[in-house]
Structures are given as structure tokens and as C-alpha cells.
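Asks: One structure, as C-alpha cells, below. Some questions next.
Numbering (my numbering), first residue to last: 14 to 112.
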């Protein structure tokens with residue numbers, strides 16, 4: 014078993030920057046994700062109350078949920094991509110200064 018560092022100083026700096034940005038973004042996204050869950054729960058209650066007869070009728074709640082999800086989706090993708098790149102480098106041992 015090797016005792017070589019997984020990442021050198023530059024690799025650790027990049028990882029730290031990506032993790033800090035991810036933490037900031039997830040804090041920002043948390044409120045929107047909570048809104049989506051509340052909207053989804055409201056829709057489920059509405060569907061149960063109205064029954065299947067009205068389930069296919071477009072309602073404002075569906076539009077609200079769609080708008081929230083459309084706002085969240087690109088932010089989640091943008092958040093995940095740099096984090097995934099750095100983590101793949103680390104797991105492959107390709108991080109700067111790594112084994």
C-alpha cells in the first residue's frame with residue numbers, strides 16, 4: 014500500500030474550491046427544492062380530493078411545480094458537473110500530485 018498523497022497542493026485547492034462552491038449553491042437551492050416538494054404534496058392532495066375525473070385537467074399547481082423544476086434543473090446540472098470532474102480525477106488517481 015502506497016503512502017503517496019492522493020492530491021498535490023493544486024489538486025487540493027481545486028477540490029476545495031469546487032466543494033465550497035457546491036456547498037454555497039446547495040444552500041441556495043435548498044429553498045427551491047423545498048418549494049418543489051411542497052408544490053408536489055399539494056398536487057397529490059388536490060388529485061386525491063378531485064379524483065381521477067379531474068386529474069388530467071391542467072391546473073395552476075402543475076404550472077407552479079413545472080416552473081420550480083425548470084429553475085432548479087440547470088442549476089443542479091451546473092453544480093454537479095465540476096464536482097463530478099474533480100471526484101473522478103481523485104478516484105482515478107489522476108489528481109495533480111496523485112499516485
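Positions of the beta carbon are idealized from the N, C-alpha and C atoms, including for glycine.
Owing to the predicted nature of the structure, the values given are computational and were not obtained by experimental measurement.
Among 55, 105 and 102, which residue has its Cα nearest to the Cα of residue 72?
Replies: 55
Asks: Counting only the same chain and skipping the five closest in sequence on each side, list residues whose C-beta sits under 6 Å from that of residue 63.
Replies: none
Asks: Counting pairs of Cβ atoms below 8 Å between the region 21-32 and the region 94-105, do you hit three or more?
Replies: yes
Asks: Are residue 50 and residue 88 close, meaning C-beta to C-beta below 8 Å?
Replies: The criterion of a C-beta distance shorter than 8 Å is not satisfied by residue 50 and residue 88.
Asks: Starting from residue 74 and walking both ways along the alpha helix (DSSP H), at which residues does that stretch end?
Replies: Taken as a continuous stretch (DSSP letters only), the alpha helix (DSSP H) holding residue 74 covers 73-104.
Asks: Quick one: what does DSSP say residue 24 is sitting in, helix, strand or coil?
Replies: helix
Asks: Just the Cα atoms here: how many angstroms apart are residue 111 and residue 94?
Replies: In this prediction, residue 111 scores a pLDDT of 48, lower than 50, which makes its location untrustworthy; the coordinate-derived value is nonetheless stated afterwards. Taking the straight line joining both Cα atoms gives about 21 Å.
Asks: Report the option in 106, 91 and 82 whose CA atom is closest to the CA atom of residue 36.
Replies: 91
Asks: In chain order, which beta strand (DSSP E) runs of at least 3 residues are fully inside the region 40-67?
Replies: none
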